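To start, the structure itself, in C-alpha cells.
2 protein chains.
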Amino acid sequence: MMNGGGGVVCPSRIDMAITIRDVAKLAGASVTAVSATLNGSRHGTIRVSEATRERIYAAAAQLGYVGNPIAKSLATGKTKVIGVMLPYADAFVDQNPFCAQVMSGIMREVVHGHYNLMLYTATSGVDLDRAAMLVDSRIEGLLLVMPPKDGAIFVKCKKRNIPFVSILEEPREDHWSVNADDYTGGRIAAEHLIKLGHRRIAHLSGSVDVNTSAPRKQGFLDAMNEAGIEVPSELLVPSGFDWKLGYHSTQRLLDLGNDRMPTAIFAANDLCADGAIRAIRSSGMSVPDDIAVVGFDDTRFAEMTQPPLTTVHMPIEEMGELAARMMIRRLEGNTDIDPNPVLPVSLTIRQSCGAQSARHPDETSTSPVTLQ
Amino acid sequence: MMNGGGGVVCPSRIDMAITIRDVAKLAGASVTAVSATLNGSRHGTIRVSEATRERIYAAAAQLGYVGNPIAKSLATGKTKVIGVMLPYADAFVDQNPFCAQVMSGIMREVVHGHYNLMLYTATSGVDLDRAAMLVDSRIEGLLLVMPPKDGAIFVKCKKRNIPFVSILEEPREDHWSVNADDYTGGRIAAEHLIKLGHRRIAHLSGSVDVNTSAPRKQGFLDAMNEAGIEVPSELLVPSGFDWKLGYHSTQRLLDLGNDRMPTAIFAANDLCADGAIRAIRSSGMSVPDDIAVVGFDDTRFAEMTQPPLTTVHMPIEEMGELAARMMIRRLEGNTDIDPNPVLPVSLTIRQSCGAQSARHPDETSTSPVTLQ
DNA sequence: AAGGCTTGATAAAGCGGTTTATCTTCTTCG
DNA sequence: CGAAGAAGATAAACCGCTTTATCAAGCCTT
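Following this line, the structure appears as C-alpha cells:
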C-alpha cells in the first residue's frame, strides 16, 4: 500500500458530489457491487449477497448519494432524454393552445416512462432546419411537432441516426408519424352543416405549406360532392391559421352580398373560425342565426369563442402522448409498433353551428355534444 | 503504416460515431492537439502549429466529426443545459399564453447563449415539489416559473447546489428572481379608471397562493385611498386567474343591483377580465359603456377579447429573457448581477375601459395606446 | 479426490472527451 | 559554446459510471 506510486491524489475534492466510490468505501464493498445493487440489475456474473446489499443501501442513504447521470450516459450510451422540436410562429404558438396541449400529452408520457425532455425551438430569424443543428447526441430521439414539408431536418436526423416521430405530418413510408384523420374531419364538418340544411357552405382553407390543410379541404369537398352540392370557387377562400386571416377572408365572403354570401363557414382551425365569427358579428349579423361556423382542432380555445365553437375534435393531448409512447417503446427495443397511426376525430357541437341553443358560457363548455 | 502493432483494435465499431481519436489518427496529430484546436482554446502549454491545425480541421471536416457533448460534460463538469420548471395547472397553462410567452423569451436567450433547455413540469397528480426530484446534475441551473410560495423545491435546489432564478416570486434575500412591478400595476390601473371618472371600482383579486395577487390588490387600494375613494368590501371579490372564476365573481357583483354595482372592474389578470366581460355582456350590458374593465398581464390573449382589453402591460417575454440571461451570466462567473430586478409595467389602452373608441378588431391590436 | 457448478466479489477496461505534466527541438543570448 | 526559453507535440491521468473478465471459495458429483 503505502500510498505509493500513484502520484498526487487530490486530497480534498472541493464542492464535489458523492460518487459511487465513496459509497463503496463506506459500505466496504466494491464499486461493481454498488453499481449492480443500485441499478437493481442482476448482471451476468455479478451477484451481491443480501448482507452486502443492505450495507450498500445504508451507505448510499447515509451519504445522500444521487448518481451522476452524465457519467452513466457516457458509460451506457443512453441519455434517457427525448428532444421535442416546436415550430416557431410567434402568434401561432402563443395564441393557439395547440402546442401547449401537445406538450402536455408528451410530458405526461415522458415522465411516466422515466425520460427527460429537451426542448428545441426555431427562434425568430432562425428556422427549424437551422435549429435542428443544435440537436446533438444528448438526445436519444426527437419528436417533431408540425414539421415543415420535406425539411432538411429529416435528413439531419437520419444522418445522425436519431430516430424521430413527427406529429401532424402526412404519413410517409420512411417516417414515423402521428396524425389525426383530417380528411374525415373535413367530411363530418361538411356533413353536419348539410344535415342542418345549409347549402351555401364556404371553406376557409389553411395555408398550403401546412400538411393538414389539403386533406381537410378534400374531405369537405367530397362530402359536398356526395350530397350533390356544388361548391362555387368564390366560397373556397385560401386563408390561414391565424384569426386575423380568418377575419379578413370572411369579410371578403360577406362582401359577396346577400344572395351569394354563404350561410355557413367551415374554417381551417379554431383560431381562423374565431376570426370568422368576429367578422360576422362585427358586420351586425349573428352566429349561428345568420351564418353558422364550424372550426377544426377543438383546442381549449374553442370553449372561449363567443358563441362557443362547434368544431372537429382532434385528440390533441393523446397525439402527443402517443408520439412519445411510440418513441419510448422504440428506444426500448419494442418492434411491434404501428409507425403511422391515424387517430379518429369527432365533432364537438357547441353553439356556433346552431344545432344547440345558446346557454350560459360556463355551462356550455362542460357539456358539449359529441358526434361520430 | 501497415495497420500494425496496435493489438486488437476493434475493426468495425458498429453504429459508433466518429471520435476525437479518429480525427487525431487521420490528421496525424495527437488527441490533445485536436481537442485544443477544435475548442479554440490556447490552453496553458498546449500549442498547435498552423500546419497541424489545418490538417486537423481538414480531417474533422472529412470525417464529419461532431463531438460528444456527454463526454465533454463529464470531463468539464459543465453540461450547457439549463432547466425550466413550469407550473402545472391544466387550463392555466393551456389557455393562458403567459407561460408560452415566458418560454419564448427564455428560449431566445438560451439559444443566444449557446445553452440547451431541459423542460420539467409538474404533471397532474404529481406536484411541483415532487417533480423537482427529477432535477438532477444534468442541468447547471434552474429557472422556476411562478413557483409556489416556500416550495420544497427551493430547499432541494440548495441542497444539490443548483443555482436558480424564479420568475414571479416575491423578491427574497436568498433567492434570485425576476418580477414585474405588480404594485405599481395595481396603482396605474386604478388611477386610470379614476381619471376616467369612475368611483365605484371593483377588484377581482387573484388567488392568495399566487405571489402576484397581493401587491396588485395593494396598489389598487392605495391609489383609491389617495384619491379619497373608499372601497366597500362588497367590491373586493376574491376570484382567481381563470375566466370562469372571473365570470362568476362578476355575476355576484352584478347581483348587487343597479345602485351598488360597480361602474368599473379591475381584474386579477387578462383571463379573469375576459370572464368579467362575458358576464357583463351576457347580462345585456355593455363594456365599456355600462361597466369598464381593466385586466393585468397584457398577454397575447388581451388583443382577442371583445372588446379588446385595456390591461396592465407586463414585459412577459422580457422577463423570461432576463431570467435566462441572469442565469447564464451567473454560470459564467459574472458576479455583477442584480439578483432581484423588478421590471416596470405600463398601461396598454384598448377598448374595454372606454378611453378609446371601438374600432375594427384588426386595427385595434396593432395600435393600442401605451401610458406611463 | 479431482473436476464442475454456483455464489459472491473484484480489478480493470472502457465510454469520449479535457487537462496536466513531460519531453523534444529549435532559438536566442550572455 | 552552453544554458535558458519558447514552440510544438504527446502520453497519461481523470471525470463517474457500467460491464467484462477473472478469481476465490463452498458444495456437489462421480
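Chains as they are written, first to last, in my numbering: chain B, 1 to 372; chain D, 373 to 744.
Ideal Cβ placement from N, Cα and C applies to all residues, glycine included.
None of the values given here were measured: they were computed from a predicted structure.
Residue i (DSSP reduced to helix, strand or coil)
i, result
"residue 543 of chain D", "coil"
"residue 227 of chain B", "coil"
"residue 215 of chain B", "helix"
"residue 115 of chain B", "coil"
"residue 630 of chain D", "coil"
"residue 472 of chain D", "helix"
"residue 669 of chain D", "strand"
"residue 437 of chain D", "coil"
"residue 346 of chain B", "strand"
"residue 613 of chain D", "coil"
"residue 310 of chain B", "strand"
"residue 304 of chain B", "coil"
"residue 555 of chain D", "helix"
"residue 741 of chain D", "strand"
"residue 248 of chain B", "helix"
"residue 328 of chain B", "helix"
"residue 88 of chain B", "coil"
"residue 573 of chain D", "strand"
For residue j and residue i, the rounded distance between their alpha carbons
i, j, result
"residue 427 of chain D", "residue 420 of chain D", "11 Å"
"residue 28 of chain B", "residue 448 of chain D", "30 Å"
"residue 698 of chain D", "residue 50 of chain B", "49 Å"
"residue 653 of chain D", "residue 480 of chain D", "39 Å"
"residue 674 of chain D", "residue 632 of chain D", "28 Å"
"residue 17 of chain B", "residue 23 of chain B", "11 Å"
"residue 558 of chain D", "residue 354 of chain B", "41 Å"
"residue 360 of chain B", "residue 278 of chain B", "Confidence at residue 360 of chain B is low in this model, with a pLDDT of 46, below 50, so its placement is unreliable and the value that follows should be read with caution. Rounded to whole angstroms, residue 360 of chain B to residue 278 of chain B spans 19 Å at the Cα level."
"residue 589 of chain D", "residue 721 of chain D", "20 Å"
"residue 471 of chain D", "residue 228 of chain B", "47 Å"
"residue 251 of chain B", "residue 622 of chain D", "33 Å"
"residue 25 of chain B", "residue 19 of chain B", "10 Å"
"residue 93 of chain B", "residue 166 of chain B", "17 Å"
"residue 153 of chain B", "residue 340 of chain B", "19 Å"
"residue 200 of chain B", "residue 136 of chain B", "52 Å"
"residue 13 of chain B", "residue 408 of chain D", "Here residue 13 of chain B scores only 39 on pLDDT, less than 50, and its place in the model is too uncertain to base an answer on."
"residue 556 of chain D", "residue 686 of chain D", "11 Å"
"residue 438 of chain D", "residue 444 of chain D", "12 Å"
"residue 591 of chain D", "residue 719 of chain D", "14 Å"
"residue 553 of chain D", "residue 662 of chain D", "30 Å"
Within 9 Å, strictly: CB atoms of residue i and residue j
i, j, result
"residue 754 of chain D", "residue 618 of chain D", "This structure does not reach residue 754 of chain D, given that chain D is present from 373 up to 744, and the question cannot be answered."
"residue 666 of chain D", "residue 677 of chain D", "no"
"residue 574 of chain D", "residue 527 of chain D", "no"
"residue 213 of chain B", "residue 292 of chain B", "no"
"residue 343 of chain B", "residue 179 of chain B", "yes"
"residue 149 of chain B", "residue 169 of chain B", "yes"
"residue 510 of chain D", "residue 70 of chain B", "yes"
"residue 688 of chain D", "residue 477 of chain D", "yes"
"residue 459 of chain D", "residue 404 of chain D", "no"
"residue 308 of chain B", "residue 262 of chain B", "no"
"residue 330 of chain B", "residue 141 of chain B", "yes"
"residue 657 of chain D", "residue 626 of chain D", "yes"
"residue 454 of chain D", "residue 474 of chain D", "no"
"residue 411 of chain D", "residue 452 of chain D", "no"
"residue 457 of chain D", "residue 118 of chain B", "no"
Chain B contact residues for residue i, given Cβ-Cβ distances below 9 Å
i, result
"residue 700 of chain D", "Neighbours of residue 700 of chain D on chain B: none; closest Cβ ~15 Å, over 9 Å."
"residue 686 of chain D", "Result: empty, since nearest Cβ-Cβ is about 14 Å, beyond 9 Å."
"residue 438 of chain D", "136, 137 and 160"
"residue 389 of chain D", "137, 160 and 161"
Proximal chain D residues relative to residue i, where beta-carbon distance stays under 9 Å
i, result
"residue 348 of chain B", "None at all; the shortest Cβ gap to chain D is about 16 Å."
"residue 74 of chain B", "440, 442, 443, 445 and 446"
Under 7 Å by beta carbon: chain B residues contacting residue i
i, result
"residue 411 of chain D", "Within chain B, no residue comes near residue 411 of chain D; the closest Cβ sits about 15 Å away, beyond 7 Å."
Contact list for residue i against chain B, beta-carbon separation under 8 Å
i, result
"residue 441 of chain D", "136, 137 and 138"
Contacts of residue i in chain D (Cβ-Cβ under 8 Å)
i, result
"residue 293 of chain B", "What residue 293 of chain B touches in chain D: nothing, since even the nearest Cβ is about 15 Å away."
"residue 304 of chain B", "467, 615 and 646"
Closer than 7 Å at the beta carbon, the chain D residues around residue i
i, result
"residue 101 of chain B", "466"
request  = Could you please tell me which residues of the region 528-550 of chain D, in chain order, have their CB closer than 9 Å to any CB of chain B?
outcome  = 531, 532 and 533
request  = Name, going along the chain, the residues of the region 449-461 of chain D whose beta-carbon falls closer than 7 Å to a beta-carbon of chain B.
outcome  = 451
query = Relative to chain B, which residues along the region 638-656 of chain D have a C-beta separation below 7 Å, given in chain order?
reply = 650 and 654
task = May I ask you to list, following chain order, the residues of the region 610-638 of chain D that have a beta carbon less than 8 Å from some beta carbon of chain B?
result = 615, 616, 619 and 620
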